[in-house]
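Student: Would you mind keeping the following structure in view while I ask a few things?
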Amino acid sequence: MRLLKWILLISLILPLLWSTLVLTHWLPRPSADQEAALAMVKEVQARRLGEHNAYPLLWLFKYAVPRDQLNAVMEADLERFEKYIQDPMPQRPFESIALESYAELPEPSKAAAACFGRGGGSCLTDVRANVEAVRAELDAQAERLQRESWLSDYDHIAIAFSRSISAPRVLYFGNGGVVRSAAAFAHLSGDSVRALERLCEHTRSWRRLRQHTDLLQADLLGRSVIAANIRLAAEILAERPDLDGLECLDSFAPLGDEELDQCSTMVGEYLDLARGWLLDEEKQILVQRAVNLRHSRALIAQSKAYYCQAAHQQRILLRAAEPSAPEVRCTFAEQVFNPVGCLLADQQLGDEIYYRGALDLDAKLRTFQAARWLRTHSVDGAPGTALDRLPAMFANASHQLSLSPDGTDLELQQLLQPPGAEPWSIPISRPVADPN
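Quick note: to get this note's numbering, add 21 to the position in the sequence shown (first position is 1).
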């Protein structure tokens, strides 16, 4: 009978003790490595990304806001947003005040769909098949095209809104498609130099912005824009190899080490999660009381801070995909006393795809430069014949280059190649198109 009483007493005390330890956040305590990760993300957060933030332009990109009013409208939106996030259950997504005060720029038509990444295919082929429609489209998109040129005046993208689960995520309508359709049209109109210079300038802008950002979305967007520009520039040069010596083509040089460094981006991701609804200490809902905030943030910081550490910097120097980032897993004790925080940490294991995507972009730029080299080192007018003599600077250990079956295209096996998808490719040579 006495044993039964002890068992009953223990069965009552243990849940009470567990609840006390969980709700008071006494256990688990962050490890020394986790504390170091928290300190690192705090230090990175304090760094200045630049002087001229492109965020207001990108946030307001689809509205006809005059250039000298962008910052004022952004300030009004920030004030409005602080009121918006006071509502724990907003009924609709946050919208800019520009919606009420400025006209929206016209949406691009489908005349050059491939230039905007729609429907696959080639931007140059689309424009060639719809020259007159694209001519009219460019007249209608003149203001959007002008806004694209403003990007060259900015040096970074930093989120302007407070870090919050409710913060807007939509930036930069159009994916640079209007620049590519204008470049393709210029090439087909006989001004291939202007076409390439336009692509060079746009690529330089996005390389600079992507390198200096605390937004993963901006990193992904920049990679998409640059990759699309690479393909179109390659298509133009395949038809106009006499322009391979154009000075501005250095804009398509392989990525520098600093352009593969995603430390600020990953710290931005940490900050987004740290201000998410489960880890926001200002929200005192019951489920949050069961989350050890400091330990949970430390777990997430540990997974993100890896991309700021020496081990990852060595991978960058080698352009190496392996070894992968170490997995941050909870111990049994951590799972017992912070189960929700450990669940959140388990969801942070997919960050490697962002680094691998950056390596793929670097490989695409190397492929572009390889095509230029092959054209000037061909044998009997067949550029592909020099592939076995391709300098090492145009390749890396993580990617494989090959010729298409007909020998006219370079094919790249990407690290993030979708299963069953064709290799990413660009032309080495094409018959010279009639500009008329």
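Where is the CB? At the ideal position from N, CA and C, for every residue including glycine.
Closest by CA to TYR76, which one among PRO412, ILE180, ARG225, LEU242?
Tutor: The shortest C-alpha separation from TYR76 is found at ILE180.
Student: May I ask you to list the residues that DSSP assigns as paired with ASP430?
Tutor: In the DSSP output, where bridge partners are listed per residue, ASP430 has PRO448.
Student: Go through the stretch 209–243 residue by residue and report every complete run of the beta strand (DSSP E) that reaches 3 residues or more, in order.
Tutor: Taking only runs of at least 3 residues, no beta strand (DSSP E) segment lies wholly in the stretch 209–243.
Student: Report the option in TYR84, ALA188, ARG396 whose CA atom is closest to the CA atom of ASP263.
Tutor: Minimum Cα distance to ASP263 is reached at ARG396.
Student: What number of angstroms, rounded off, separates the C-alpha of ARG101 from the C-alpha of GLY441?
Tutor: If you take the alpha carbons of ARG101 and GLY441, they lie about 47 angstroms apart.
Student: Please classify ARG69: is it buried, with 16 or more other beta-carbons within 10 angstroms of its beta-carbon, or exposed?
Tutor: So ARG69 counts as exposed.
Student: Would PHE415 be called buried (16 or more neighbouring beta carbons within 10 Å of its own) or exposed?
Tutor: With 16 or more other Cβ atoms within 10 Å, it is buried.
Student: How many whole angstroms separate the CB atoms of GLY378 and LEU320, which I take to be in contact at a CB cut-off of 8 angstroms?
Tutor: That belief does not hold up - the Cβ atoms of GLY378 and LEU320 are roughly 24 angstroms apart, past 8 angstroms.
Student: If you draw a straight line from the C-alpha of GLY138 to the C-alpha of GLY195, how long is it?
Tutor: The straight-line gap from Cα to Cα measures roughly 9 angstroms.
Student: Taking the beta carbon of ILE447 as the centre, do at least 16 other beta carbons fall within 10 Å, making it buried, or is it exposed?
Tutor: The residue is buried, with at least 16 neighbouring Cβ atoms inside 10 Å.
Student: Between ILE251 and LEU59, is the Cβ-Cβ spacing less than 8 angstroms?
Tutor: For ILE251 and LEU59, no; Cβs fall outside 8 angstroms.
Student: Evaluate the contact criterion for the stretch 180–191 versus the stretch 129–136: three or more CB pairs, one atom per stretch, below 8 angstroms.
Tutor: Judged by Cβ distances under 8 angstroms, the stretch 180–191 makes no contact with the stretch 129–136, as fewer than three pairs qualify.
Student: Among TYR123, PRO111, ARG113, ARG231, whose alpha-carbon lies nearest the alpha-carbon of LEU281?
Tutor: Per the Cα distances, ARG231.
Student: So, is ASP409 buried or exposed, given that buried needs 16 or more other C-beta atoms within 10 angstroms?
Tutor: Per the 10 Å Cβ criterion, exposed.
Student: Quick check on this structure: which residue in GLN112, SER122, ILE106 has the alpha carbon closest to the alpha carbon of LEU81?
Tutor: Of the listed residues, the one whose Cα sits closest to LEU81 is SER122.
Student: For ALA391 versus LEU411, is the C-beta distance shorter than 8 angstroms?
Tutor: Yes. Within cutoff.
Student: Taking the C-alpha atoms as reference points, what is the distance between LEU437 and ARG340?
Tutor: Cα-Cα distance, rounded: 15 angstroms.
Student: Quick one: which unbroken alpha helix (DSSP H) runs of 4-plus residues sit fully inside the stretch 169–209? Chain order, please.
Tutor: Whole alpha helix (DSSP H) segments, 4+ residues: 198–209.
Student: Buried or exposed for ARG201, please, with buried defined as at least 16 other CB atoms from any protein chain shown within 10 angstroms of its CB.
Tutor: Counting Cβ neighbours within 10 Å, ARG201 comes out buried, since at least 16 surround it.
Student: Taking buried to mean at least 16 other C-beta atoms within 10 Å of its own C-beta, is PHE182 buried or exposed?
Tutor: Answer is buried; the Cβ neighbour count reaches 16.
Student: Using three-state DSSP, classify TYR291 as helix, strand or coil.
Tutor: Note: TYR291 maps to helix in three-state DSSP.
Student: Note down the Cα distance separating ILE306 from VAL65, rounded to an integer number of angstroms.
Tutor: Because the pLDDT of ILE306 is 48, which lies under 50, any placement of that residue in the model is unreliable, and the number read from its coordinates should be weighed accordingly. Approximately 30 angstroms, taken between the alpha carbons.
Student: In whole angstroms, give me the CA-to-CA distance for LEU209 and THR146.
Tutor: One C-alpha to the other measures close to 10 angstroms.
Student: Would you kindly report the start and end of the unbroken alpha helix (DSSP H) that includes GLN55?
Tutor: Residues 53–66.
Student: Exposed or buried, what is SER450 when buried is set at 16 or more other beta-carbons lying within 10 Å of its beta-carbon?
Tutor: By the 10 Å Cβ count, SER450 comes out buried.
Student: Please check if any C-beta of chain B sits within less than 8 angstroms of the C-beta of GLU355.
Tutor: This model lacks chain B altogether; it includes just one protein chain.
Student: When the Cα atoms are used, what is the spatial distance from ALA154 to ALA119?
Tutor: ALA154 and ALA119: Cα-Cα distance of roughly 30 angstroms.
Student: Hey, could you find the ends of the alpha helix (DSSP H) GLN390 is sitting in?
Tutor: From DSSP, the alpha helix (DSSP H) with GLN390 extends over 373–397.
Student: For LEU159, which residues of its own chain have a beta-carbon under 8 angstroms away from its beta-carbon, when the five flanking residues on both sides are left out?
Tutor: Correct list, in chain order: LEU166, VAL199, SER202, ALA203, PHE206.
Student: Decide yes or no for the touch test of the stretch 253–260 against the stretch 217–226: beta carbon pairs closer than 8 angstroms, at least 3 of them.
Tutor: At 8 angstroms Cβ cutoff, the stretches touch.
Student: Grouping DSSP H, G and I as helix and E and B as strand, with all else coil, what is SER122?
Tutor: In the structure shown, SER122 sits in a helix (DSSP, three-state: H, G or I).
Student: Pull up the CB-CB distance for LEU382 and ILE247, whole angstroms please, since I reckon it's below 8 angstroms.
Tutor: So it is a contact: roughly 6 angstroms between Cβ atoms.
Student: Go ahead and pull the three-state DSSP assignment for LEU424.
Tutor: Reduced to three states, the DSSP call for LEU424 is strand.
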